[in-house]
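>
There are 2 protein chains.
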Amino acid sequence: MNAHGITIKEIANLLEISSTTVSRVLAGHARKYRISQKTEELVRETANKYNFQPNQVAQQLRLKRTNTIGLIIPDISNPFFANLARMAEQELRNKGKMILLCNTNDSTELEKETLSLITGRQVDGLLIAPVGQQGEHFKMMKGTPIVFIDRYFRELSIPYVSTHNENGAYQASKYLIKKGHTHIACIQGLMHTISNQDRVNGFLRATAEFHLPEEQVNLLGDNFSIENGYKSAKILLEQEDPPTAIFALNNQIAIGVLLAAKDLGKVIPDDFSLISFDEQPYFQLTSPPITTISQPIAQIGIEAVKMLFKLIDNEKVENQLISPELIERQSVKAI
Amino acid sequence: MNAHGITIKEIANLLEISSTTVSRVLAGHARKYRISQKTEELVRETANKYNFQPNQVAQQLRLKRTNTIGLIIPDISNPFFANLARMAEQELRNKGKMILLCNTNDSTELEKETLSLITGRQVDGLLIAPVGQQGEHFKMMKGTPIVFIDRYFRELSIPYVSTHNENGAYQASKYLIKKGHTHIACIQGLMHTISNQDRVNGFLRATAEFHLPEEQVNLLGDNFSIENGYKSAKILLEQEDPPTAIFALNNQIAIGVLLAAKDLGKVIPDDFSLISFDEQPYFQLTSPPITTISQPIAQIGIEAVKMLFKLIDNEKVENQLISPELIERQSVKAI
DNA sequence: ATGAAAGCGCTAACAC
DNA sequence: GTGTTAGCGCTTTCAT
């Protein structure tokens, strides 16, 4: 009996029976193999007495199943991914799986490295929010079930579940237009990411559909950061004919806009209106509370896990884009 | 060559050499065992060609080391724990370990269950933020190195690294007093948790040290939730002689206070001052920005990992309480 | 109703 | 320089 507890073999020796029998009892197969009452009890007692825990590493090797799912995300300290992780963990726990957590820090290099580290660990499947620039390295993963979450690659055949970003951005833009805004600026994030592209597309579809004059539709920015939001908002608000509304493509950008407004002495929504992608708990605490497009995080988590299990069971799956919801607060004024 | 890639034995068969030699080369021991240049190259080539990844489950079983650390926390969607997880993951990755993530949802029941699930997985060590009510079940974990983070048990001999809560609360209270406040209310969280007890002690030490009249020192609340903050703040602000300053013992409580103030039309810091434990990014965006006691999350993560490695190496460790820092903003007025 | 033996993929002690 | 062999702890086929 080593540091990790007693083994099946040791129990067998103690009782002078075979390890096969012990294994059968402890695996709950006593009935199936018609093990005698007496033997069964004896085994159970001894196991309890020594607090037996099956060595899962041995099981994993033998059964070629680890009951482990890799969760590869850019950054667990981003509330969006943290919430996703929580949902996924809950769902997976119910199905007897545990999560191996890996941050990629938004680096494709780290993502590649992580991928090879984690395949060695024989995970049963992978939930990945890819960094997004380039997805060639995922092609090496044939054989491991993968579901992409939040971001994905159109050209890869790996299934995904994500927010319907185009639709969300369209909703937000249409909302501004319906409130009477005709001069709208959109501050975007990283341009080559699919979420940014889709959001921009939704924005442009709405402005086109309602025939906003082209020179009154601004698109600027290049990064999902507070700095970019701050910088871009300053440019916008300091120009001679500033937009009456700003659409921030994520919560970090919105924070930047808020800080810029504060610095310039601009009051929301009197001086300009603001709407943001990414619901965050603090958006109801700012003044004014910010109207947002809320991503369906819980649903994404639940659906992604469901999909992964189908994949593991060799069933067919279909990509899912879940439409987000507009949460109306006080940062948009009708004009 | 199954779904998970080629094995050492298969490479050996292919090259008609022994698996020992292959293992040695691939483990980087070619030099040590004076394997011939030619053999080494051959092995390397074949391994690359078939994209060999050592089966870590087999390694783990053989070496009785999983290079896996369990991280057991109440809730990954709480930014405090998410940030802690991020730091820990980073540190552990540098040392070749991965994290198995488990949420306990603040339930001692789930915590117990998790503990036995995870011991079967033969983790090399455990980083635990215990739920806190009761710690008897940790005594069963003899043999597995454990470091408690954030919360701990005085009566258990398991080492911990945490915020110096008493000191932080003392700093906050003293700050209020130095600003001229003599009528101060403290809204506390779960009373049996050690963090709450320590924070309350710090508060009481300061008020005693500066001889605040007893009837002007209020302590109320019973929970680390927004609701409790809201409810308690309402009680305080509606009484005929309300306190001039409120000390919220965590960020959730502070949010509740903010919401209550809004509902009652009270303006901070004109109507009352507010200081809160737990720095959060959105506290600089509220109006006014909130003065907080910022917990040393990064340090806790780094130190906890360091400590865990010492434990694994059978070295002595010493408990650590790291003092938090006061971040001054505009929610406290001098009177 | 129970057991012997093989094997999951890897490493290491001990040969030669 | 390389190979043989045993074994980590478990499950399972095949016997009896």
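In order, the protein sequences belong to chains A and B.
Numbering follows our numbering, with no gaps: position 286 of the first sequence is 923.
Numbering follows our numbering, with no gaps: position 295 of the second sequence is 932.
The beta-carbon is built from N, C-alpha and C at its ideal position, and this holds for glycine as well.
Would you please verify whether the beta carbon of aspartate 712 (chain A) is less than 8 Å from any beta carbon of chain B?
It does: the Cβ of aspartate 712 (chain A) has a partner Cβ on chain B nearer than 8 Å.
> Under 8 Å by Cβ, that's how I've got glycine 817 (chain B) and alanine 935 (chain B) pegged, so tell me the actual separation to the nearest angstrom.
Actually they do not touch by this definition, with Cβ atoms about 34 Å apart.
> Note down, in chain order, each residue of its chain lying with its Cβ closer than 7 Å to the Cβ of tyrosine 670 (chain A), except the 5 sequence neighbours on either side.
The answer, listed in chain order, is Arg661.
> If we define contact as Cβ-Cβ less than 8 Å, is methionine 778 (chain A) a contact residue for chain B?
It does not: the Cβ of methionine 778 (chain A) has no partner Cβ on chain B nearer than 8 Å.
> Have a look at the DSSP bridge pairing and note the partners of asparagine 855 (chain B).
Asparagine 855 (chain B) is bridged to B:Ala822.
> Which residues in chain B sit within 8 Å of histidine 757 (chain A), going by Cβ to Cβ distance?
Before going further, note that residue 757 (chain A) is glycine rather than histidine in the sequence given. Chain B residues near glycine 757 (chain A): Gln690, Pro691, Asn692 and Gln693.
> Distance cutoff 8 Å, beta carbons only. Does arginine 681 (chain A) sit that close to anything in chain B?
By this cut-off, arginine 681 (chain A) is not an interface position.
> Taking the straight line between their C-alpha atoms, what separation do you get for alanine 766 (chain B) and isoleucine 648 (chain A)?
Alanine 766 (chain B) and isoleucine 648 (chain A): Cα-Cα distance of roughly 34 Å.
> Specify, as a first and last residue, the run of the beta strand (DSSP E) that glycine 817 (chain B) falls within.
First-last for glycine 817 (chain B): undefined, no H or E at that position.
> Taking the alpha carbon of leucine 793 (chain B) as the reference point, which residue from B:Thr800, B:His801, B:Asn802 and B:Ile783 has its own alpha carbon closest?
Among B:Thr800, B:His801, B:Asn802 and B:Ile783, the Cα nearest to that of leucine 793 (chain B) is on B:Ile783.
> For the 8 Å Cβ check, are there 3 or more pairs between the segment 919-930 of chain B and the segment 843-852 of chain B?
No, they do not touch.
> Count the other C-beta atoms from every protein chain shown that fall within 10 angstroms of the C-beta of leucine 729 (chain B), then say buried if there are 16 or more, exposed otherwise.
Flag for leucine 729 (chain B) reads buried.
> Can you tell me whether methionine 777 (chain A) is buried or exposed? The criterion is at least 16 other CB atoms within 10 Å of its CB, across all chains shown.
Exposed, since its Cβ has fewer than 16 Cβ neighbours within 10 Å.
> Once you ignore the five residues that flank arginine 702 (chain A) on each side, which residues in its own chain have a CB closer than 7 Å to its CB?
Asp761, listed in sequence order.
> Of the residues A:Phe920, A:Pro879 and A:Glu877, which one's Cα is nearest the Cα of leucine 895 (chain A)?
Among A:Phe920, A:Pro879 and A:Glu877, the Cα nearest to that of leucine 895 (chain A) belongs to A:Phe920.
> Check whether the Cβ of methionine 944 (chain B) lies closer than 8 Å to any Cβ atom in chain A.
False, the Cβ-Cβ gap to chain A never drops below 8 Å.
> Using a Cβ-Cβ distance cut-off of 8 Å, determine whether methionine 828 (chain A) contacts chain B.
False, the Cβ-Cβ gap to chain B never drops below 8 Å.
> Using a C-beta cutoff of 8 Å, does tyrosine 812 (chain B) count as contacting chain A?
No, its Cβ sits nowhere closer than 8 Å to a Cβ of chain A.
> What residues of chain B sit near proline 879 (chain A), judged by a beta carbon separation below 8 Å?
The premise fails here: proline 879 (chain A) is roughly 22 Å from chain B at the closest Cβ pair, so nothing lies under 8 Å.
> Give the range of the beta strand (DSSP E) segment to which glutamate 962 (chain A) is assigned.
962-964 is the span of the beta strand (DSSP E), which, as asked, contains glutamate 962 (chain A).
> Between which residues of its own chain and glutamine 747 (chain B) is the CB-CB distance below 6 Å, once the five residues before and five after are set aside?
Correcting the residue identity first, residue 747 (chain B) is leucine in this sequence and not glutamine. Contacts found: Thr741.
> Can you tell me whether DSSP reads glycine 839 (chain B) as helix, strand or coil?
In the structure shown, glycine 839 (chain B) sits in a helix (DSSP, three-state: H, G or I).
> Which residue marks the beginning of the beta strand (DSSP E) containing valine 904 (chain A), and which one marks its end?
Valine 904 (chain A) -> no beta strand (DSSP E), and no H or E assigned at all.
> Assuming alanine 882 (chain A) and asparagine 855 (chain A) form a contact by the criterion Cβ under 8 Å, report the distance between their Cβ atoms to the nearest whole angstrom.
Actually they are not in contact, since the Cβ atoms of alanine 882 (chain A) and asparagine 855 (chain A) sit about 10 Å apart, beyond 8 Å.
> Exposed or buried, which one is isoleucine 714 (chain B) when buried takes at least 16 other CB atoms within 10 Å?
At residue 714 (chain B) the sequence reads serine, which differs from the isoleucine that was named. Buried, by the Cβ-count rule.
> Which residue wins for smallest C-alpha separation from isoleucine 654 (chain A), given the options A:Ser913, A:Gly665, A:Thr683 and A:Phe946?
With distances taken between Cα atoms, isoleucine 654 (chain A) lies closest to A:Thr683.
> Roughly how many angstroms separate the alpha carbons of threonine 928 (chain A) and leucine 813 (chain A), rounded to a whole number?
Between threonine 928 (chain A) and leucine 813 (chain A), the C-alpha separation is close to 11 Å.
> Is proline 716 (chain B) close to chain A? Criterion is C-beta to C-beta, closer than 8 Å.
At least one chain A Cβ lies under 8 Å of proline 716 (chain B).
> Quick check on the burial criterion: 16 or more other C-beta atoms within 10 angstroms. Buried or exposed for proline 716 (chain B)?
Label assigned to proline 716 (chain B): buried.
> Using only the alpha-carbon positions, how far apart do serine 869 (chain B) and aspartate 907 (chain A) sit?
Cα to Cα, serine 869 (chain B) sits roughly 33 Å from aspartate 907 (chain A).
> For the segment 909-925 of chain B, which residues have a beta carbon sitting closer than 7 Å to at least one beta carbon of chain A?
So the list reads Tyr919, Leu922, Thr923 and Ser924, given in the order they occur along the chain.
> Taking its Cβ as the centre, do 16 or more other Cβ atoms sit within 10 Å of serine 673 (chain A), making it buried, or is it exposed?
The residue in question, serine 673 (chain A), is exposed, as its Cβ has fewer than 16 Cβ neighbours within 10 Å.
> Enumerate, from N- to C-terminal direction, the unbroken beta strand (DSSP E) stretches of 3 or more residues contained entirely within the segment 738-807 of chain B.
With a minimum length of 3 residues, the continuous beta strand (DSSP E) runs that stay inside the segment 738-807 of chain B are 762-765, 783-786 and 797-800.
> Kindly list, in the order they appear in chain A, the residues whose Cβ is closer than 7 Å to that of histidine 641 (chain B).
Those are Gln759 and Gly780, listed as they occur along chain A.
> Taking C-beta to C-beta, are arginine 836 (chain A) and alanine 806 (chain A) nearer than 8 Å?
Cβ distance < 8 Å, so arginine 836 (chain A) and alanine 806 (chain A) count as in contact.
> Determine the contact status of leucine 763 (chain B) and isoleucine 710 (chain B), defining contact as a CB-CB distance below 8 Å.
No; because the gap between Cβ atoms is not below 8 Å, this pair is not in contact.
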